[in-house]
Structure formats: structure tokens, C-alpha cells
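Colleague: Its first residue numbered 472, the sequence shown is counted upward by one per residue in my numbering. Backbone N, C-alpha and C define an ideal beta-carbon position, used for all residues, glycine too. What follows is a structure written as C-alpha cells; I'll ask about it next.
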Amino acid sequence: MVDPEAENNIFKKVYEMDEIPVYIDSPGSVVYFPGCAGTYINKNMAQAVVTLLEKAGVDYTVLSGLEYCCGAVSVGAGNPGPIRRHGQQNIEEVRKRGAKILLTSCPGCFKAFKEIYPKMFGEMDFEVLHVSQYLERLLKEGKLTPETTLKHRVFYHDPCHLTRGMGVYREARNVLENIPGTELANKTPEGSACCGFGGGVRVNYPSESISVASDRFRAAEKLGCGIIITNCGGCMQNLVEAGKDEKIKIFDLAEYLSLACGVNIPREDQKLLELVNRAYSLCISGYKEPDLS
Numbered sequence: 472m473v474d475p476e477a478e479n480n481i482f483k484k485v486y487e488m489d490e491i492p493v494y495i496d497s498p499g500s501v502v503y504f505p506g507c508a509g510t511y512i513n514k515n516m517a518q519a520v521v522t523l524l525e526k527a528g529v530d531y532t533v534l535s536g537l538e539y540c541c542g543a544v545s546v547g548a549g550n551p552g553p554i555r556r557h558g559q560q561n562i563e564e565v566r567k568r569g570a571k572i573l574l575t576s577c578p579g580c581f582k583a584f585k586e587i588y589p590k591m592f593g594e595m596d597f598e599v600l601h602v603s604q605y606l607e608r609l610l611k612e613g614k615l616t617p618e619t620t621l622k623h624r625v626f627y628h629d630p631c632h633l634t635r636g637m638g639v640y641r642e643a644r645n646v647l648e649n650i651p652g653t654e655l656a657n658k659t660p661e662g663s664a665c666c667g668f669g670g671g672v673r674v675n676y677p678s679e680s681i682s683v684a685s686d687r688f689r690a691a692e693k694l695g696c697g698i699i700i701t702n703c704g705g706c707m708q709n710l711v712e713a714g715k716d717e718k719i720k721i722f723d724l725a726e727y728l729s730l731a732c733g734v735n736i737p738r739e740d741q742k743l744l745e746l747v748n749r750a751y752s753l754c755i756s757g758y759k760e761p762d763l764s
């Protein structure tokens, strides 16, 4: 989302087409910030995180909704206005809930709270973690124990913003290596490549975007993998679309760990793609050519 208040943004369109999400508005030592994608599109990703927090007995709450966009995309698009308007509000909402930890699934939201907000609004008085970092911590502390053997050779797809942008790549691999029966094929991010979703590519160059995502399937095939695991809503969406005719399955990290912990999170990939592509069409149809006269 570029601006939460803009009429022509994808998440507002999806919100209008889909059912209203459920919000949890209460105090908690951990605030989970699912972000726009986790709230409105890849809901199974957010549901998996909440499931794992419940299983681990974490004192958590959820801060989600159309008004709680991190604003990172707007900064990347050269428009800092939305993040100036909404960033401080997001920080105050986290503080209001008494949080010691801010947890996010989206690499863009993670960058906003971890890097952009401190530069704009001062240091955070709570810890900022990506879901992969927190899940690794819960496993190390023995609060989560995978109880189901998942015999799969898996390929971990490194999200650009998380791995190259924020230097977070080991934690997700540690989580996967702690799941009984799971064999991780690519143990380092060396040679990792983009899924083709970010930077406005998916919206403006859809066929090229899907072609790039298809290359990830070839990389996984080359290593003999039947599953691709990712850690980003945008990557998840693009890989799901590119993989409609592929044998390789796609999972979010939290979703896969939930399976290992005995919980299957229902997914509606076809509905996801229909909603997103309709929303893209509505957004693009509303763009106006600039008057250069």
C-alpha cells in the first residue's frame, strides 16, 4: 500500500471485496503487526502466526486494520507523506498496549519499525523482531516443539527486503532445521534471487514478474525440492500465482511450522489470486496519465 488514505490502493479494494477481518484490540507484551498483506490478502500467514503464539502461551495482541499501514512502500516510491502521518500513530498504538516486543511478518513492516521509524521518530522503546526471529527464539526456549514429522526436502526462498535489505536469513533456516524430517537444501542465501514481486514490478509488468517467479521453481527443482518456503507476503503471492501449474508446493514459514506443530491452516489460493488480480485491475484503471502540456 502506498497511502492508507488513498482511494486507489490495492488493500482498500481487497477490503471492499472480502469479508471484514477480525481484530484483537487488547494489551499484550507482544504486539503482532501482520501488515496490509497479512490482514487482507495472505490471511493464512497471519493465522499461522497467531496459532503459534497461542501454542507457545505468548501474551500477545494484534494490531491490524486498514488504518495501520507501516508506510514503507510509500517511502520506496518516493512519497514520505503517509509514513510521516501514520508512523508515529503506529508507534503510539504499540506503546499503548504495553508491548515489549513488536512482531511483524512483512519484511517491509520490519524495515519500517526497525530502521525507518527510529530515524524519523527516535529510538523504539520496544524490541522489533521479524516473525522468523521470534519463532527461532520460541523453539530455543522450548515454548514451541514440532511434534509432527514432515518428510520433505525444502527450498527456502530468501525475500529481498529481509535477506539483502535487513540481513535476516539464518533464523528461518534454523527454524526449518528444527522440524523433524525436513531437509533444507539451500543452507545459505548464496545465489538467492528475487521473486519478481517488489518494486512495482508485479503491478506494472505482470508477465515479466511471473516469469521471474517461475525461475524460483527451476532453482528448487535443480536441488530436488518438492516444497518452497518463503517468509514474505509479496513473495508468497507471486510464487502461488507462478506455481498454479507446478508440482512444487508453496508454504509460508509460520504455516509450515504450524503443520509441524499439528495444526493445518486452511488456504484459499484461488480466492487469493482472484481478489488480488481484481484489485490490481481496479487500481490500474484509476491511474491518470500526467498532463505534460
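Pick out whichever of Asp-629, Gly-613, Asn-649 and Ile-698 has its Cα sitting closest to the Cα of Glu-661.
Modeller: Locating residue 661 in the sequence shown gives position 190, counting from the first residue. When each option's Cα is compared against that of Glu-661, the closest is Asp-629.
Colleague: Rank Glu-612, Glu-607, Ala-684 and Ile-495 by C-alpha distance to the C-alpha of Glu-648 and give the top, closest one.
Modeller: For the purposes of this step, residue 648 is taken as the residue at position 177 of the sequence shown. Glu-648 has its Cα closest to that of Glu-607, out of Glu-612, Glu-607, Ala-684 and Ile-495.
Colleague: Tell me the residue span of the alpha helix (DSSP H) that contains Tyr-727.
Modeller: Here the question's residue 727 lines up with position 256 in the sequence shown. Residues 724-731.
Colleague: Going by DSSP, what residues sit across from Arg-624 in a beta bridge?
Modeller: For the purposes of this step, residue 624 is identified with residue 153 of the sequence shown, where counting begins at 1. Arg-624 pairs with Glu-654.
Colleague: Please say whether Arg-568 and Val-502 have beta carbons closer to each other than 8 Å?
Modeller: For the purposes of this step, residue 502 is identified with residue 31 of the sequence shown, where counting begins at 1. For the purposes of this step, residue 568 is identified with residue 97 of the sequence shown, where counting begins at 1. Cβ distance < 8 Å, so Val-502 and Arg-568 count as in contact.
Colleague: Taking a contact to mean a Cβ-Cβ separation below 8 Å, would you say Arg-644 touches Lys-658 in this structure?
Modeller: Your numbering for residue 644 matches position 173 in the sequence shown. Your numbering for residue 658 matches position 187 in the sequence shown. Yes, Cβ-Cβ distance for Arg-644 and Lys-658 is below 8 Å.
Colleague: According to the neighbour-count rule (16 or more other Cβ atoms, all chains shown, within 10 Å of its Cβ), is Pro-761 buried or exposed?
Modeller: Reading the sequence shown from its first residue, position 290 is the one you call residue 761. Low local confidence applies: a pLDDT of 48 at Pro-761 is under 50, so the model's placement there is unreliable, and no value is given.
Colleague: Below 8 Å between beta carbons: does that hold for Phe-504 and Leu-534?
Modeller: Translated into the one-based positions of the sequence shown, residue 504 becomes position 33. Translated into the one-based positions of the sequence shown, residue 534 becomes position 63. Yes, they are a contact pair.
Colleague: Does the distance from the C-beta atom of Gln-559 to that of Phe-592 stay below 8 Å?
Modeller: Taking the sequence shown and counting its residues from 1, the one referred to as residue 559 is at position 88. Taking the sequence shown and counting its residues from 1, the one referred to as residue 592 is at position 121. Their beta carbons are under 8 Å apart, which means Gln-559 touches Phe-592 by this criterion.
Colleague: So, under 8 Å CB-CB, Gly-506 and Ser-576 are touching, yes? Tell me the CB distance rounded to an integer number of Å.
Modeller: For the purposes of this step, residue 506 is taken as the residue at position 35 of the sequence shown. For the purposes of this step, residue 576 is taken as the residue at position 105 of the sequence shown. With a Cβ gap of about 6 Å, Gly-506 and Ser-576 count as contacting.
Colleague: Taking the alpha-carbon of Leu-744 as reference, which of Ile-681, Ala-725, Lys-611 and Val-546 has the nearest alpha-carbon?
Modeller: Counting from one through the sequence shown, the residue named residue 744 turns up at place 273. For Leu-744, the nearest C-alpha among the options comes from Ile-681.
Colleague: If I'm right that Cys-541 touches Ala-583 with Cβ under 8 Å, what's the distance once you round it to whole angstroms?
Modeller: Position 70 of the sequence shown, counted from the first residue, corresponds to residue 541. Position 112 of the sequence shown, counted from the first residue, corresponds to residue 583. Going by Cβ atoms, the distance from Cys-541 to Ala-583 rounds to 4 Å, so yes, they are a contact pair.
Colleague: On the DSSP bridge list, what partners appear for Glu-598?
Modeller: In the sequence shown, residue 598 corresponds to position 127, counting from 1. Answer is Ile-572, bridged to Glu-598.
Colleague: Give me the residue from Gly-509, Asp-496, Pro-498 and Gln-518 with the minimum Cα distance to Leu-730.
Modeller: Taking the first residue of the sequence shown as position 1, residue 730 is located at position 259. The shortest C-alpha separation from Leu-730 is found at Gln-518.
Colleague: Tell me whether Phe-668 sits in a helix, a strand or coil according to DSSP, three-state version.
Modeller: By one-based count along the sequence shown, residue 668 stands at place 197. The answer is coil: DSSP assigns Phe-668 none of H, G, I, E or B.
Colleague: With a 10 Å radius around its C-beta and 16 neighbouring C-beta atoms as the bar for buried, classify Ile-495 as buried or exposed.
Modeller: The residue you call residue 495 lines up with position 24 of the sequence shown. Exposed, since its Cβ has fewer than 16 Cβ neighbours within 10 Å.
Colleague: Would you kindly work out how many angstroms separate the C-alpha atoms of Asp-530 and Cys-732, rounded to a whole number?
Modeller: The sequence position of residue 530 within the sequence shown is 59, counting from 1. The sequence position of residue 732 within the sequence shown is 261, counting from 1. Asp-530 and Cys-732: Cα-Cα distance of roughly 19 Å.
Colleague: To the nearest angstrom, report how far apart Ile-562 and Met-595 are at their CA atoms.
Modeller: Locating residue 562 in the sequence shown gives position 91, counting from the first residue. Locating residue 595 in the sequence shown gives position 124, counting from the first residue. Roughly 8 Å separates the two Cα atoms.
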